[in-house]
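1023 is the number of the first residue of the sequence shown in our numbering; add one for each residue after it.
Only one structure is covered here, and it is reproduced in the block below.
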Amino acid sequence: MEGGISEGVEFVEGMDEYWEDIFGVKATKMPEGNIASTVVKWGLLSPIKAEDVTVALKSMCNSAVGTDKLSAKDPLSWDQASFAVLYNLMLATESDVL
1023 MEGGISEGVE FVEGMDEYWE DIFGVKATKM PEGNIASTVV KWGLLSPIKA
1073 EDVTVALKSM CNSAVGTDKL SAKDPLSWDQ ASFAVLYNLM LATESDVL
């Protein structure tokens, strides 16, 4: 393929099979229709407090650095109340219960 997108790309032997194994799997058929729940778990909708954020971050302090190159303890030096506001906003706007 002259001048194409793959020009200069080195292909690794076995990669075709690798990706075929991943993307070639048939999806399982989901049941027809939505399964509605009549039970609302209000505990999931209670406001998140700054202390909750701090406790959650401290529990992650022994985890590995992620792709963003931040360790879990880095956000502990940031404003926890701002995190709580953001999480509560996401909880309120992304929930179909409210």
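By construction, the Cβ of each residue, glycine as well, lies at the ideal position given by its N, Cα and C atoms.
- For the 8 Å CB-CB criterion, Thr-1076 and Gln-1102 form a contact.
- When DSSP states are grouped into helix, strand and coil, Val-1107 belongs to the helix group.
- For Ser-1081, the enclosing alpha helix (DSSP H) starts and ends at 1072-1081.
- Taking 8 Å as the upper bound for CB-CB distance, Pro-1097 and Leu-1111 are not in contact here, some 17 Å apart.
- Contact check for Tyr-1109 and Ile-1070: beta-carbon distance about 5 Å, within the 8 Å limit, so the pair qualifies.
- Taking the Cα of Phe-1105 as reference, the smallest distance to any Cα among Val-1031, Leu-1067, Asp-1074 and Lys-1091 is reached at Asp-1074.
- Annotated three-state conformation of Leu-1092 is coil, per DSSP.
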